[in-house]
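Chemist: The structure that follows is given in the form of structure tokens.
Residue numbers (the numbering used here): 21 to 124.
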């Protein structure tokens with residue numbers, strides 16, 4: 021019984037450790053994948069862990085206290101790939117790419 025409790029405790033610690041040093045969550049609300057727009061600009065918005073460093077197309081973006089972000093991105097004509105990367109203080113990263121089309 022004691023061995024089972026000790027094993028359960030260490031399993032719990034392992035799970036917590038993996039969450040602590042793992043890649044940050046990253047949710048992109050807008051734009052949606054494959055979205056077509058008529059003007060060459062979109063707002064990239066979503067949320068991540070508040071302690072993370074966030075880049076949109078390799079440009080660092082500020083976060084609010086809850087990890088929310090909103091950034092205007094200018095688009096080229098036709099096909100655009102927007103790359104969003106959230107990196108934890110331990111160097112673990114989450115990445116989301118979105119393809120956006122500009123309708124002529």
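Glycine included, each C-beta is placed from N, C-alpha and C at the ideal position.
Can you name, in chain order, every residue of its own chain whose Cβ lies under 8 angstroms from the Cβ of residue 69, other than the five neighbours on each side?
Modeler: Translated into positions along the chain shown, residue 69 becomes position 49. Taken in chain order, the residues that qualify are 44, 45, 87, 106, 108.
Chemist: Counting Cβ pairs closer than 8 angstroms, one from the region 46 to 66 and one from the region 90 to 102, do we hit at least three?
Modeler: Pairwise C-beta distances place the region 46 to 66 in contact with the region 90 to 102, as three or more of them are shorter than 8 angstroms.
Chemist: Does the Cβ of residue 48 lie closer than 8 angstroms to at least one heavy atom of the ligand ZN?
Modeler: Absence of the ligand ZN from the depicted structure is noted, as is the absence of any ligand whatsoever, leaving it without description.
Chemist: Can you tell me the Cα-Cα spacing of residue 66 and residue 110, whole angstroms?
Modeler: The count along the chain shown starts at 1 and reaches residue 66 at position 46. The count along the chain shown starts at 1 and reaches residue 110 at position 90. Near 21 angstroms, if we compare the C-alpha coordinates of residue 110 and residue 66.
Chemist: Can you tell me whether residue 74 is buried or exposed? The criterion is at least 16 other CB atoms within 10 Å of its CB, across all chains shown.
Modeler: For this step, residue 74 is matched to residue 54 along the chain shown. Residue 74 comes out buried.
Chemist: Could you give the first and the last residue of the continuous beta strand (DSSP E) run that contains residue 110?
Modeler: The residue labelled residue 110 in the question sits at position 90 within the chain shown. No beta strand (DSSP E) contains residue 110, which DSSP labels as neither H nor E.
Chemist: Using CA coordinates, which residue listed in 97, 114, 102 is at the minimum distance from residue 42?
Modeler: In the chain shown, the residue the question calls residue 42 occupies position 22. Taking only the C-alpha atoms, the option nearest residue 42 is 114.
Chemist: At the level of alpha carbons, what is the spacing between residue 121 and residue 33?
Modeler: Numbered from its first residue, the chain shown carries residue 121 at position 101. Numbered from its first residue, the chain shown carries residue 33 at position 13. Near 45 angstroms, if we compare the C-alpha coordinates of residue 33 and residue 121.
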